[in-house]
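A.B. asks: Sharing a structure here in structure tokens format.
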Amino acid sequence: MTTSREPSDLAEFREQCRRQLQRSVTDRIRYGFFRVYKPVLDDAPYRVFESMEEYRQWCEAHLPPYLGYKVVRG
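The numbering of the sequence shown is the working numbering, which starts it at 180 and goes up by one.
Below is the structure:
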């Protein structure tokens with residue numbers, strides 16, 4: 180049983196924050212980001228489009244909706 184006034188999960192979270200703040204800025208940046216594979220977008224090193232409209236059409240035709248690149252029509 181926890182004798183602290185804080186719930187145990189909140190106390191644990193605060194302790195984790197204190198430990199992370201002891202790291203150098205370089206380490207915080209290194210461990211603070213992670214790579215997530217994005218289907219289709221990550222499958223080619225780069226793409227070139229002649230216009231923004233061409234880019235939007237390509238996004239509409241090739242990217243899954245959950246990536247958020249679809250044009251919102253309302």
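The beta-carbon is built from N, C-alpha and C at its ideal position, and this holds for glycine as well.
What residue ranges within the region 209-237 form continuous alpha helix (DSSP H) runs of no fewer than 4 residues, ordered along the chain?
C.D. replies: Runs found: none.
A.B. asks: Identify the continuous alpha helix (DSSP H) that holds residue 187 and give its terminal residues.
C.D. replies: Segment 187-200, the alpha helix (DSSP H) holding residue 187.
A.B. asks: Would you report the Cα separation of residue 224 and residue 186, rounded to the nearest angstrom?
C.D. replies: Taking the straight line joining both Cα atoms gives about 47 Å.
A.B. asks: Rounding to the nearest angstrom, what Cα-Cα distance links residue 188 and residue 229 in this structure?
C.D. replies: Computed Cα separation, rounded: 52 Å.
A.B. asks: Based on Cα-Cα distance, which residue from 200, 243 and 249 lies nearest to residue 216?
C.D. replies: Considering only alpha carbons, the answer is 243.
A.B. asks: Short check: CB of residue 238 to CB of residue 245, under 7 Å?
C.D. replies: The answer is no: Cβ separation not under 7 Å.
A.B. asks: Can you tell which of 192, 232, 212 and 241 has the C-alpha that lies nearest to the C-alpha of residue 218?
C.D. replies: Of the candidates 192, 232, 212 and 241, the one whose C-alpha sits nearest the C-alpha of residue 218 is 241.
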